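Numbers 15 to 79, taken from the numbering used here, label the letters of the sequence shown in order.
Where a beta carbon is used, it is the ideal one built from N, C-alpha and C, also for glycine.
Quick caveat, the model's predicted, so the values are computed rather than measured.
Below is one structure, written out as structure tokens; comments come after it.
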Amino acid sequence: MGLGDAIIADCWDRGDNLGGGNVWYHTLSERYSATTGQELFVTGWTYGAYVDGNAAFHAGAVPEC
15 MGLGDAIIAD CWDRGDNLGG GNVWYHTLSE RYSATTGQEL FVTGWTYGAY VDGNAAFHAG
75 AVPEC
């Protein structure tokens, strides 16, 4: 994700550790404002370490699923 891009996550859960912890965000949409201006409403799981270094998880900003 680039600067200004974001995801909308409704909760987190534990999953595979890809080298930065085992936190995964359940993602409801993806916003690519830095490149294309698109918002994609595709649900799935996003690796927390790649999104924000697990910051929302550690801050308690996203509840556990």
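### Query
Using DSSP with H/G/I as helix, E/B as strand and the rest coil, what is Val65?
If DSSP states are grouped into helix, strand and coil, Val65 belongs with the helices.
### Query
What did DSSP end up calling Ala75 once you bin it into helix, strand or coil?
Residue state, collapsed to three classes: coil.
### Query
Quick one, are the C-beta atoms of Thr41 and Ile21 less than 7 Å apart?
It is a contact, given that the beta carbons lie within the stated cut-off.
### Message
Between Glu44, Gly35, Gly67, Asp30, which has its C-alpha nearest Gly18's C-alpha?
### Response
Residue Glu44 is the option with its Cα nearest to Gly18.
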